[in-house]
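Structure record follows, encoded as structure tokens.
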Amino acid sequence: MQDLGIRVLFMGNNFIRLLGGLWITIKISLISVVLSIVLGILLGLLMTLKNPVTKAVTKVYLEFIRIMPQLVLLFLVYFGATKAFGIQLSGQVSAVIVFTLWGTAEMGDLVRGALISIPKHQYESGAALGLESSQIYRYIIIPQTLRRLIPLAINLTTRMIKTTSLIVLIGVVEVLKIAQQIIEANRYTVPDSALWIYGAVFFLYFLACWPISLLASKLEKKWKN
Amino acid sequence: MEKSEKLLEVHHLRKDYGNGPVLKDISLDVHKGEVLVLIGPSGCGKSTFLRCLNGLESIQAGEILLDGHVISGEKTKWSEVRQKIGMVFQSYELFPHMTVLDNILLGPTKVQKRKRPEAIEEAEKLLERVGLLDKKDVYPRQLSGGQKQRVAIVRALIMKPEIMLFDEVTAALDPEMVREVLDVMLELARGGSTMVIVTHEMQFARAVADQVVFLDGGEIVEMNAPEEFFGCPKTDRAQKFLNTFTFEKEDEKAE
Amino acid sequence: MGKYAHLYVDAAKLTLLLGVAGILISLIIGLVCALIQYYRAPVLKRIVSVYIELSRNTPLLVQLFFLYFGLPKIGIMISSEGCAVIGLSFLGGSYMAEAFRSGLEAIEKSQMESGLAIGLTHAQVMRHVIFPQALSISVPVLCANVIFLIKETSVFSAVALADLMYVAKDLIGLYYQTDEALLMLVIAYLILLLPISFVAAWLERRLRYAGFGN
Chain A
1 MQDLGIRVLF MGNNFIRLLG GLWITIKISL ISVVLSIVLG ILLGLLMTLK NPVTKAVTKV
61 YLEFIRIMPQ LVLLFLVYFG ATKAFGIQLS GQVSAVIVFT LWGTAEMGDL VRGALISIPK
121 HQYESGAALG LESSQIYRYI IIPQTLRRLI PLAINLTTRM IKTTSLIVLI GVVEVLKIAQ
181 QIIEANRYTV PDSALWIYGA VFFLYFLACW PISLLASKLE KKWKN
Chain X
1001 MEKSEKLLEV HHLRKDYGNG PVLKDISLDV HKGEVLVLIG PSGCGKSTFL RCLNGLESIQ
1061 AGEILLDGHV ISGEKTKWSE VRQKIGMVFQ SYELFPHMTV LDNILLGPTK VQKRKRPEAI
1121 EEAEKLLERV GLLDKKDVYP RQLSGGQKQR VAIVRALIMK PEIMLFDEVT AALDPEMVRE
1181 VLDVMLELAR GGSTMVIVTH EMQFARAVAD QVVFLDGGEI VEMNAPEEFF GCPKTDRAQK
1241 FLNTFTFEKE DEKAE
Chain U
2001 MGKYAHLYVD AAKLTLLLGV AGILISLIIG LVCALIQYYR APVLKRIVSV YIELSRNTPL
2061 LVQLFFLYFG LPKIGIMISS EGCAVIGLSF LGGSYMAEAF RSGLEAIEKS QMESGLAIGL
2121 THAQVMRHVI FPQALSISVP VLCANVIFLI KETSVFSAVA LADLMYVAKD LIGLYYQTDE
2181 ALLMLVIAYL ILLLPISFVA AWLERRLRYA GFGN
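So this is what it looks like as structure tokens:
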């Protein structure tokens, strides 16, 4: 019985199909991460401005996005946009929109944190060496900011991949959906396939996220001092 | 001074972290009411030696006796022994989440199970003695380094220890605060407390010590009365060490 | 609009109940794991780090699918509620462990020594000196974890639990009440999460022991 169960993974192109599903998840995550990093840097810079209006607006945006479960945001965009604007967004597009909105908030906060954590005397000691403002940024501030930011941005990627698992709940065909299909298709021949297939999905996610997490913590340690 | 009874005895102590001995074959006695000052270059093992005395470091050979009882054995109840051996650290190590008074009361109430009102009374008396009674309800971070260190001394004193260990207690202090701490220690010495002091303050060492021990490379190079040790040390190594020190002092003056 | 409010109230109660249960268990798991790591207990330390990596690098949804649909195939039947609490605890435990661990590690070893030096036993030093300080350092992360875990409960509908998402989806699917359903959904989560968020911010300020730790 047991070896029968695990066999379903390698029957036909089942495993390849699972990997294909995982790729959809990862693709959506990567697109969202890249957009989030770009927009997040802009948001982070915007948040360091002293302008009360931008301060208030960005704060409300940040707080709302961060307090809402991502699944709620997905529902809002996927179901709400259709109703509100009469446009039918696909699950994948909704996902990219939501995860970019969310990632931008997270990234923006990280960027702001990294920027304000550079001590003022770093600017001053740069100036004392006779560097110009642009040189101070280029050689002193930006490299230090990046060192704080890069591990956090990489971490955001694993969080993004994990969160993207939610898209199955708005009907996107990704790894969990394909898992369900495989289990359905084999429900009479391999009745215990659910254990093996969902177990495999669990480890596929792990294998996708774990190396990225390791990289992030390595870099963080390396750049700590 | 005529030797009174031995309070602390160390026989052939060896300390090894696994890559060669840090302390080799150290033997010395501390008599009741005696002030022993340990000096020596950084890394000579003097702080490690102090930490061996109250079991913060294990020892690999030799034995330590307090009041004639071996305390370096496997079965030592350190929490009992440590009530008799007070210790003050270089970095104060007050508990930052407690007020000054609570810092001082932790030992008497939790270890010795003394009644709180009685302990408070004594704590206040001791704080008064070191001039900090008005600070009893503040948190450590609101104190200067010198004040913190005086509180740390009170925290150790309230346990009524038989012997006090001082581990470079002024090394982290701003120069103008060194005096207030050393004065407290001098007063304790005059009051007949038994003390083992690790310090870099040579003038203080000379003033407070009954016995100076010069450690270098993990062994006792010279043990002598302070007048002789600082006047004309018997060994070259001690002489050299003292010379470096004077040079450093000259250097400081030149600045 | 009020017509469906009671559905949301019931769902919110369920979410809160399961969430609180999961969070409490997470705290226990987290504390135990953090202590194992703190004391570097052999073997156990390894197990804990494998658990933490597995838990932190997989989505709750997948964990739930495995528990709810996978395990029954080898005879382990767990109710929806059971799966939800187990899944949330499995996920939360590692996050709480990291929070406690970072708190414990932030306390200098010399604090332990100075506690020992006045005659406290190891356990007494942990209780009176190390834990209070470590906890006050951990509080911000612990609070963030609580909010994170309550948010994560939103996937419970996937294992057939009638939680807030489930109700919203029902109303959208069956009655086409999209606007109402979504609005109520957002309001429900705000009512659940905003108070926690405020309490967290307040706690964080308070627990800093009159500014200790800055």
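So the protein lines, in turn, are chains A, X and U. Letter 10 of the first sequence, counting from 1, is numbered 10 in my numbering, and no numbers are missing. Letter 217 of the second sequence, counting from 1, is numbered 1217 in my numbering, and no numbers are missing. Letter 68 of the third sequence, counting from 1, is numbered 2068 in my numbering, and no numbers are missing. Even glycine gets a Cβ: it sits at the ideal position worked out from N, Cα and C.
Asked: Short of 7 Å Cβ to Cβ, which residues in the segment 2115-2132 of chain U face chain X?; Found: Leu2116, Ala2117, Ile2118, Gly2119, Leu2120, Thr2121, Gln2124, His2128, Val2129, Pro2132
Asked: Tell me lysine 1006(X)'s beta-bridge partners as DSSP assigns them.; Found: His1031(X)
Asked: Pairing CB atoms from the segment 2105-2120 of chain U with CB atoms from the segment 1092-1103 of chain X, are three or more of them under 8 Å?; Found: yes
Asked: On the DSSP bridge list, what partners appear for leucine 1036(X)?; Found: Val1196(X), Gln1211(X)
Asked: Taking alanine 1152(X) as the reference, which of Gly1073(X), Met1087(X), Lys1135(X), Asn1019(X) has the closest Cα?; Found: Met1087(X)
Asked: By how many angstroms is the C-alpha of leucine 45(A) removed from the C-alpha of serine 2197(U)?; Found: 25 Å
Asked: On the criterion of 16 or more Cβ atoms from any shown chain inside 10 Å, does glutamine 2(A) qualify as buried, or is it exposed?; Found: Confidence at glutamine 2(A) is low in this model, with a pLDDT of 49, below 50, so its placement is unreliable and the value that follows should be read with caution. Exposed, by the Cβ-count rule.
Asked: Determine the contact status of arginine 1206(X) and glycine 2119(U), defining contact as a CB-CB distance below 8 Å.; Found: no
Asked: From glutamine 88(A) to isoleucine 28(A), what distance separates their C-alpha atoms?; Found: 18 Å
Asked: What are the boundary residues of the alpha helix (DSSP H) that glutamate 2105(U) is part of?; Found: 2080-2106
Asked: Quick one: give me the first and last residue of the beta strand (DSSP E) that glycine 108(A) is part of.; Found: From DSSP, glycine 108(A) is part of no beta strand (DSSP E) but of the alpha helix (DSSP H) over 91-117.
Asked: I'd like to know if glutamate 2113(U) contacts chain X, where contact means its C-beta is closer than 8 Å to some C-beta of that chain.; Found: yes
Asked: Within the same chain, show all residues whose beta-carbon is closer than 7 Å to that of glutamine 1147(X), passing over the 5 residues directly before and after it, in chain order.; Found: Leu1132, Lys1135
Asked: When the distance is taken between beta carbons, is lysine 1024(X) closer than 8 Å to glutamine 1060(X)?; Found: no
Asked: If isoleucine 1026(X) sits next to glutamate 1219(X), beta carbons under 8 Å apart, how far is it from one beta carbon to the other, in whole angstroms?; Found: 7 Å
Asked: Proline 1108(X) and aspartate 1216(X): beta carbons closer than 8 Å?; Found: no
Asked: Serine 2110(U) touches chain X at which residues, Cβ-Cβ below 8 Å?; Found: Phe1089, Ser1091, Glu1093
Asked: Is serine 1079(X) close to chain U, meaning its C-beta is less than 8 Å from at least one C-beta of that chain?; Found: yes
Asked: Is it right to say leucine 129(A) is buried, meaning 16 or more other beta carbons lie within 10 angstroms of its own, or is it exposed?; Found: exposed
Asked: Of all the residues that make up the segment 2036-2059 of chain U, which are near chain A by a beta-carbon distance shorter than 9 Å?; Found: Glu2053, Leu2054, Arg2056, Asn2057, Thr2058, Pro2059
Asked: Across the segment 2122-2132 of chain U and the segment 2062-2072 of chain U, are there enough close Cβ pairs to call them in contact, namely three or more that are closer than 8 Å?; Found: no
Asked: So which residues of chain A does methionine 2077(U) contact, with C-beta pairs closer than 7 Å?; Found: Within chain A, no residue comes near methionine 2077(U); the closest Cβ sits about 13 Å away, beyond 7 Å.
Asked: Valine 72(A) CB to nearest chain B CB: under 8 Å?; Found: The structure shown contains no chain B; the protein chains it does contain are A, X and U.
Asked: When you compare the CB positions of glutamate 1005(X) and aspartate 1029(X), do they come within less than 8 Å of one another, or not?; Found: no
Asked: Rounded C-beta distance between valine 998(X) and valine 1212(X)? I'm assuming under 8 Å.; Found: Since the displayed chain X opens at 1001 and closes at 1255, residue 998(X) lies outside it and no answer follows.
Asked: Verify whether the separation of the beta carbon atoms of threonine 288(A) and asparagine 2057(U) is less than 8 Å.; Found: Since the displayed chain A opens at 1 and closes at 225, residue 288(A) lies outside it and no answer follows.
Asked: Please look up how many angstroms separate the CB atoms of leucine 22(A) and alanine 216(A), rounded, as I've assumed it's under 8 Å.; Found: With 8 Å as the limit, leucine 22(A) and alanine 216(A) do not qualify as a contact, their Cβ atoms being about 20 Å apart.
Asked: Between the segment 1156-1170 of chain X and chain U, which residues of the former have CB atoms less than 8 Å from a CB of the latter, in chain order?; Found: Ala1156, Met1159
Asked: Of all the CB atoms in chain U, is at least one closer than 8 Å to the CB of leucine 1038(X)?; Found: no
Asked: Give a yes or no on contact between the segment 100-117 of chain A and the segment 139-159 of chain A, applying the rule of three or more CB pairs nearer than 8 Å.; Found: yes
Asked: Give me the Cα-Cα distance between isoleucine 197(A) and alanine 2201(U), rounded to the nearest whole angstrom.; Found: 42 Å
Asked: From which residue to which residue does the alpha helix (DSSP H) around aspartate 1102(X) run?; Found: 1100-1106
Asked: So, at 8 Å on beta carbons, what are the nonlocal neighbours of valine 96(A) in its own chain, with the 5 sequence-adjacent residues on each side left out?; Found: Ile28, Ile31, Ser32, Leu35
Asked: For the alpha helix (DSSP H) containing methionine 2184(U), list its first residue and its last residue.; Found: 2178-2206
Asked: Pull up the distance between the alpha-carbon of glycine 2019(U) and that of serine 117(A), whole angstroms please.; Found: 35 Å
Asked: Would you call the segment 1192-1208 of chain X and the segment 1161-1169 of chain X in contact, with 3 or more CB pairs under 8 Å?; Found: yes
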